[in-house]
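Enquirer: Handing you a structure now.
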Amino acid sequence: MLTNSIIFQQSKTFINLSEIHTDAELHIWALYFDFQNLVNNNDDLPDIHVFLTSSFRNDFLVSIERNEYIVNDPRLLKAELKTTQWEYLIDKLDSYSQLKTEEKTRLFKVLIRLCFYSLILELSNSDKNCTDDNFNYEILLAKYMLNMEEEHSFSIKELIEYALNIKGPSEIKVKLWYLVCQYYVKMDHQLEKLQHYIKLYEISVVELEGTLSKNKSLELNSRFHRMNAFVPQLNEDMEGMSVQMNLCENLALKIRCNNSTEEVLKRSILFPIFESRVKEYLIRNDLDRSIVFAEKLIDLQPNSGVGHMLLGQLYAEKEQYTLSKNAYLKSARLSPLTAEIAYFMAGQCAQQLNEYEEAITYYTTSLTFDPEGYANYECLIELSKEIEDSALEHWAEEALKALEVEEEKEEKTLPYQEAMFKE
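Letter 195 of the sequence shown, counting from 1, is numbered 195 in full-length UniProt numbering, and no numbers are missing.
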């Protein structure tokens, strides 16, 4: 089981960029590269394509004194957590008005990695007339990410209009069309609009041909085909989806690496591809191929729980519950953000194996991460009846009743309209 001290140490790694493990998660490398570009006032290190919702920071950077968010502004971080890198960031924030546009853009990139999206909007209010595309892209990205969590009113039209106004070849235009297409995949499932903007996305990528390095061209074209795979998928054309994913993977594998930085960049490009391929073959009910890509995912990021979580699901589909349980437990140890799910699923596997005491341990451990985990209480009630443990049954039933009463109280305090239309 993960303890607060382990989570605390992981949070220290996140904000102390001088102690990055070689196999650190890709979002840590993305932050490190952008921070070094800010410090050195250049853009030599690559822009890793990793976006995190603000709930990542809220859930991960946890105070060990009180179960609350550590900070919503870097300047408010507790003194005992501040690092040299953090102090440097605060100095940049305090001198924001004196920074050149290029340096403000680099500062925004670091704030994006730390999920301080609202702070970016606050700072940018004094630069409303800035015409620099890189600067404005970071602001639009912050709005987009806040909109994904329904924390900011934002119309996708703002992204579309900005992209349409960029004339000629532009990497920023490519990034904007990517976000627009992502929006119609994840949030507003309109296939016709997705198809329309996919074409504009493709045109923007083609426009850049001849102006990019070989590796950059491979990266952008690979990312395009991964996005394009959603069109046949939404049309339930699984063969067409696989054609696009094959193109996507083959292009990414051609990227040449001459140093460790380029190796990290290539891993960041391949990781979402392999994750998509796991799900692709799961949809196609080809579990063996899906497992191959889950294992590739683990090889790319051994310290991430994502691959192990997917592997657990695949072994469960094959009814190989011991392997599934072990994969879920590994995921729980590596990724505190999804530990409640992983421990619950490990409990399900143990229950299938008639390992009742283990199952109880995993369900109750899951509840330490999410005390409102209804499914855990329901499974404990079912299990307690099976093993005739009346004390456990009584405890789980009372806990579940208390949760239901609390939820009922919360619903009664909702505004009239919200209470009426709450599903």
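From the three backbone atoms N, C-alpha and C, an ideal C-beta is built for every residue, glycine too.
Taking Asp-288 as the reference, which of Asp-299, Leu-300 and Leu-311 has the closest Cα?
Expert: Walking along the sequence shown from the start, residue 288 turns up at place 288. Among Asp-299, Leu-300 and Leu-311, the Cα nearest to that of Asp-288 belongs to Leu-311.
Enquirer: Assuming Leu-141 and Ile-112 make a contact with CB atoms under 8 Å, what is their CB distance in whole Å?
Expert: Against the sequence shown, residue 141 aligns to sequence position 141. Against the sequence shown, residue 112 aligns to sequence position 112. Correct: roughly 6 Å between the Cβ atoms.
Enquirer: Where do the ends of the alpha helix (DSSP H) carrying Gln-351 lie?
Expert: In the sequence shown, residue 351 corresponds to position 351, counting from 1. Counting along the chain, the alpha helix (DSSP H) containing Gln-351 begins and ends at 339-352.
Enquirer: Among Tyr-362, Asp-286 and Lys-385, which has the Cα closest to the Cα of Asn-376?
Expert: For the purposes of this step, residue 376 is taken as the residue at position 376 of the sequence shown. Closest option to Asn-376, Cα to Cα, is Tyr-362.
Enquirer: For Ile-269, which residues in the same chain have their Cβ closer than 6 Å to its Cβ, ignoring the five residues on either side in sequence?
Expert: Position 269 of the sequence shown, counting from 1, holds the residue named residue 269. Hits under 6 Å: Glu-219 and Ala-252.
Enquirer: Measuring only the C-alpha atoms, how far is Asn-228 from Leu-176?
Expert: Locating residue 228 in the sequence shown gives position 228, counting from the first residue. Locating residue 176 in the sequence shown gives position 176, counting from the first residue. If I take the Cα positions, the gap works out to 15 Å.
Enquirer: Output needed for Phe-51: all residues of its chain with C-beta closer than 8 Å, excluding positions within five of it in sequence on either side, in chain order.
Expert: As a first step, residue 51 must be located in the sequence shown, where it is residue number 51. For Phe-51, where only same-chain residues beyond five positions count, the Cβ hits under 8 Å are Ile-112, Leu-141 and Met-145.
Enquirer: Tell me which same chain residues have a C-beta within less than 7 Å of the C-beta of Asn-134, skipping the five on either side of it?
Expert: Here residue 134 is taken as the residue at index 134 of the sequence shown, counted from 1. These residues qualify, in order along the chain: Thr-105 and Ile-172.
Enquirer: Please determine, among Cys-115, Glu-158 and Ser-97, the residue with the shortest C-alpha to C-alpha distance to Ile-28.
Expert: For this step, residue 28 is matched to residue 28 along the sequence shown. Comparing Cα-Cα distances from Ile-28 to each of Cys-115, Glu-158 and Ser-97, the minimum goes to Cys-115.
Enquirer: Does Met-148 come out as helix, strand or coil in the three-state DSSP assignment?
Expert: Within the sequence shown, residue 148 is the residue found at index 148, counting from 1. Looking at Met-148 - three-state DSSP - the assignment turns out to be helix.
Enquirer: Skipping 5 residues on each side, what residues in its chain have a beta carbon closer than 7 Å to that of Ala-350?
Expert: The residue you call residue 350 lines up with position 350 of the sequence shown. Excluding sequence neighbours, Ala-350 sits near Lys-325, Glu-358, Ala-359 and Tyr-362.
Enquirer: Evaluate Ile-206 with the Cβ neighbour count: other Cβ atoms within 10 Å of its Cβ, from every protein chain shown; 16 or more gives buried, anything less gives exposed.
Expert: One-based indexing of the sequence shown puts residue 206 at position 206. The residue asked about is misnamed: residue 206 is Val in this sequence, not Ile. Exposed, since its Cβ has fewer than 16 Cβ neighbours within 10 Å.
Enquirer: Ala-396 to Asp-237, Cα distance in whole Å?
Expert: Counting from one through the sequence shown, the residue named residue 396 turns up at place 396. Counting from one through the sequence shown, the residue named residue 237 turns up at place 237. Cα to Cα, Ala-396 sits roughly 45 Å from Asp-237.
Enquirer: Going by the beta-carbon positions, is the gap between Ala-346 and Ala-332 smaller than 8 Å?
Expert: The count along the sequence shown starts at 1 and reaches residue 346 at position 346. The count along the sequence shown starts at 1 and reaches residue 332 at position 332. Contact flag set, yes.
Enquirer: Please name the residue in Ile-48, Asp-34 and His-49 whose C-alpha comes closest to that of Ala-42.
Expert: On the sequence shown, position 42 is the one that residue 42 refers to. For the sequence presented, residue 42 should be read as Asn rather than Ala. Of the candidates Ile-48, Asp-34 and His-49, the one whose C-alpha sits nearest the C-alpha of Asn-42 is Asp-34.
Enquirer: Please classify Asn-16: does DSSP put it in a helix, a strand, or coil?
Expert: In the sequence shown, counting from the first residue as 1, residue 16 sits at position 16. Coil, per DSSP.
Enquirer: Looking only at C-alpha atoms, which of Glu-393, Pro-336, Leu-353 and Ser-384 sits nearest to Thr-365?
Expert: As a first step, residue 365 must be located in the sequence shown, where it is residue number 365. Residue Pro-336 is the option with its Cα nearest to Thr-365.
Enquirer: What residue ranges within the segment 64-124 form continuous alpha helix (DSSP H) runs of no fewer than 4 residues, ordered along the chain?
Expert: Runs found: 84-94, 101-113 and 117-124.
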